[in-house]
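**Student:** There's a structure below that I have some questions on.
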Amino acid sequence: MDRLILTGATLIDGTGAEPVRDRAVVIERGRIGAVLRGRREGDATELALDGLTLLPGLINCHVHFCLGGEADPARVLFEDPVAIRTIKAVLRTKQTIEAGVTTVRDLGGVDGIALAMRDAVSAGLIPGPRVLAAARGICMTGGHGWRFGREADGPDDVRKAVREQLKAGADVIKLFATGGVMTPGVEPGSAQLTPEEIRAAVEEAKKAGRRTAAHAQATDGIAACVEAGIGSIEHGIFLTEAIAAKMVKAGIALVATLIAPERIVTHGVSAGVPEFAVRKSEAVIARHLESFQLAMHHGVPIAAGTDAGTPFNPHGSIVPELALMVKAGMSPLEAIRAATSTAARVLGLHEETGRIAPGLAADLIAVAGDPGERIEALDAVRLVIANGRIAVNRLGGAA
Ligand SMILES: [Zn+2]
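Okay, so the sequence shown: first residue is 110 according to the working numbering, each after it adds one.
This is the structure we're talking about:
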């Protein structure tokens with residue numbers, strides 16, 4: 110298929126602009142060739158999308174392919190032999206693309222599995238989204254993430270830990286800057302990596318042209334990451350106005366992952382979620398929402414991420430997270446922008462994906478209904494094109 114034309118759809122381009130009706134999108138050699146008004150005749154194969162909405166492929170800025178969203182995902186991970194861990198990750202990769210998510214950032218795992226998913230998808234071995242992978246996250250000894258991460262202490266050791274991830278092929282460096290919910294014995298409100306350690310990590314990543322992301326929940330830890338020029342703040346539970354203002358100035362994004370604590374609290378201990386995770390999530394969930402709203406009102410760039418793999422937070426659809434963002438006050442079009450153009454910018458892929466514009470990769474989804482009105486319509490996926498290749502086709506008929 111050299112030339113494909115998608116006709117008849119209402120188009121939401123991912124920039125936050127209002128939907129426009131009856132557009133045709135030409136795909137040539139895997140890229141978006143043109144966006145036209147109405148229908149054109151030509152030598153292209155036509156896919157009629159009348160009545161559907163066409164959008165950029167969605168982007169999830171925070172997943173863990175090693176974790177499966179069970180009640181206690183870490184227990185399952187450590188019980189499985191590495192071959193089973195890998196097979197499960199392949200299935201999660203497939204679920205992701207089938208939900209219309211054409212790019213993900215994996216923020217930490219074990220055994221190089223996310224790196225392998227990235228390479229297997231790009232080699233065409235398995236269906237899946239474009240993957241940016243962090244290899245192992247970097248944490249302090251005994252700090253949040255230590256069961257999966259590379260423990261490092263002192264700026265020199267942190268520098269070495271970053272170099273190890275770069276050597277393994279990491280696209281992005283993930284830091285566990287503060288305590289968190291899913292590790293027993295650490296508190297979300299506690300600082301962990303020191304400002305010197307964070308600075309060393311960011312500097313080392315920048316030297317290699319890589320971006321950074323920090324799990325940062327405690328105020329001091331968020332502030333240290335922002336000062337150091339981190340790429341994105343993950344979770345950002347104890348954000349303040351002063352920090353939000355600095356994030357706006359520096360263009361540092363928030364990836365809130367609202368769904369992660371929400372799912373833990375909703376399902377609770379009776380469903381098998383570890384008690385420590387439930388207790389800590391209950392303690393921070395209201396503050397987390399407040400910080401999200403504070404960021405939104407200050408104009409902090411907000412990108413969508415789910416923390417997929419955490420309890421009852423499976424891989425695949427990011428619509429539950431977007432629905433929480435809408436419930437917190439975003440318009441559906443703003444939530445779509447958070448999962449498309451803003452997310453692409455956070456990942457450094459804004460000239461590659463995240464919008465429907467000529468020259469970008471043909472990462473496109475068609476859904477039934479109008480997600481600009483009702484965000485849940487994003488789950489009615491009819492067509493997924495990833496990097497110019499049709500990954501899902503539920504259009505029916507001769508198409
Ligand atoms: Zn995470």
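Every residue, glycine too, gets a C-beta built ideally from N, C-alpha and C.
Could you give the residue range of the beta strand (DSSP E) that holds residue 215?
**Tutor:** Taken as a continuous stretch (DSSP letters only), the beta strand (DSSP E) holding residue 215 covers 210 to 215.
**Student:** Count the other C-beta atoms from every protein chain shown that fall within 10 angstroms of the C-beta of residue 421, then say buried if there are 16 or more, exposed otherwise.
**Tutor:** The residue in question, residue 421, is buried, as its Cβ has 16 or more Cβ neighbours within 10 Å.
**Student:** With DSSP collapsed to three states, give me the class of residue 413.
**Tutor:** In the structure shown, residue 413 sits in coil (DSSP, three-state: anything other than H, G, I, E or B).
**Student:** Is DSSP giving residue 421 helix, strand or coil here?
**Tutor:** Three-state result, residue 421: coil.
**Student:** Who's in the neighbourhood of ligand 1, going by beta-carbon under 6 Å from any heavy atom, listed in chain order?
**Tutor:** Counting every residue whose Cβ lies closer than 6 Å to a heavy atom of ligand 1, we get 171, 173, 216 and 416.
**Student:** According to DSSP, simplified to helix, strand and coil, what is residue 170?
**Tutor:** DSSP places residue 170 in strand when its eight states are reduced to three.
**Student:** Who pairs with residue 322 in a beta bridge, going by DSSP?
**Tutor:** Answer is 283 and 341, bridged to residue 322.
**Student:** Return the chain-ordered list of same chain residues with a C-beta closer than 6 Å to the C-beta of residue 198, the five sequence neighbours on each side being excluded.
**Tutor:** So the qualifying residues of the chain are 174, 222 and 226.
**Student:** Please confirm whether residue 427 and residue 211 have their CB atoms less than 9 Å apart.
**Tutor:** It is not a contact, given that the beta carbons lie outside the stated cut-off.
**Student:** For residue 427, does the three-state DSSP call read helix, strand or coil?
**Tutor:** Residue 427 falls in the coil class under three-state DSSP.
**Student:** With residue 413 and residue 431 assumed to form a contact (beta carbons below 8 Å), what rounded beta-carbon distance in angstroms separates them?
**Tutor:** Indeed, because the Cβ distance is near 6 Å, the residues count as touching under 8 Å.
**Student:** Please report the distance separating the alpha-carbon of residue 347 from that of residue 471.
**Tutor:** The straight-line gap from Cα to Cα measures roughly 38 Å.
**Student:** Cα separation between residue 402 and residue 202?
**Tutor:** Roughly 31 Å between the two C-alpha positions.
**Student:** Can you tell me the Cα-Cα spacing of residue 158 and residue 481, whole angstroms?
**Tutor:** Each residue's alpha carbon lies about 17 Å from the other.
**Student:** In angstroms with no decimal places, state the Cα-to-Cα distance between residue 437 and residue 149.
**Tutor:** When rounded, the distance between both Cα atoms is 41 Å.
**Student:** If residue 112 and residue 153 are in contact, beta carbons under 8 Å, what's the gap, nearest whole angstrom?
**Tutor:** Going by Cβ atoms, the distance from residue 112 to residue 153 rounds to 4 Å, so yes, they are a contact pair.
**Student:** When burial is assigned at 16 or more other CB atoms within 10 Å of the CB, is residue 257 buried or exposed?
**Tutor:** By the neighbour-count rule (16 or more Cβ atoms within 10 Å), residue 257 is buried.
**Student:** Roughly how many angstroms separate the alpha carbons of residue 507 and residue 156, rounded to a whole number?
**Tutor:** No answer about residue 507 holds up, because its pLDDT of 43 lies below 50 and its placement is not dependable.
**Student:** So, is residue 200 buried or exposed, given that buried needs 16 or more other C-beta atoms within 10 angstroms?
**Tutor:** So residue 200 ends up on the exposed side.
**Student:** Would you mind reading off the limits of the beta strand (DSSP E) that contains residue 137?
**Tutor:** Residues 129 to 137.
**Student:** Taking all protein chains shown into account, do 16 or more other C-beta atoms lie within 10 angstroms of the C-beta of residue 234, making it buried, or fewer, making it exposed?
**Tutor:** So residue 234 counts as exposed.
**Student:** Can you look up residue 328 in the DSSP assignment and give me helix, strand or coil?
**Tutor:** Residue 328 falls in the helix class under three-state DSSP.
**Student:** Rounded to whole angstroms, what is the Cα-Cα separation between residue 342 and residue 448?
**Tutor:** Their backbone Cα atoms lie some 16 Å apart in a straight line.
**Student:** Mind listing, in chain order, the continuous alpha helix (DSSP H) runs of no fewer than 4 residues lying wholly within the region 146 to 196?
**Tutor:** Within the region 146 to 196, the complete alpha helix (DSSP H) runs of at least 4 residues are 182 to 188.
**Student:** Give me the Cα-Cα distance between residue 170 and residue 315, rounded to the nearest whole angstrom.
**Tutor:** Distance between the alpha carbons of residue 170 and residue 315: 19 Å.
**Student:** Under the rule that 16 or more other beta-carbon atoms within 10 Å means buried, what is residue 231, buried or exposed?
**Tutor:** It is exposed - the Cβ of residue 231 has fewer than 16 other Cβ atoms within 10 Å.
**Student:** From residue 399 to residue 115, what does the alpha carbon distance come to, in whole angstroms?
**Tutor:** Taking the straight line joining both Cα atoms gives about 41 Å.
**Student:** Quick one: what does DSSP say residue 503 is sitting in, helix, strand or coil?
**Tutor:** DSSP places residue 503 in coil when its eight states are reduced to three.
**Student:** Write down the C-beta distance between residue 214 and residue 433 rounded to the nearest angstrom, noting that I regard them as a contact closer than 8 Å.
**Tutor:** With a Cβ gap of about 19 Å, residue 214 and residue 433 do not count as contacting.
**Student:** Give the DSSP-derived three-state secondary structure of residue 393 in the structure shown.
**Tutor:** Here residue 393 sits in helix by DSSP.
**Student:** Distance check for residue 323 and residue 283, CA to CA, integer angstroms please.
**Tutor:** Residue 283 and residue 323: Cα-Cα distance of roughly 6 Å.
**Student:** By DSSP, does residue 206 sit in helix, in strand, or in coil?
**Tutor:** Three-state DSSP puts residue 206 in a helix.
**Student:** Mark residue 293 as exposed unless 16 or more other C-beta atoms lie within 10 angstroms of its C-beta, in which case mark it buried.
**Tutor:** The residue in question, residue 293, is exposed, as its Cβ has fewer than 16 Cβ neighbours within 10 Å.
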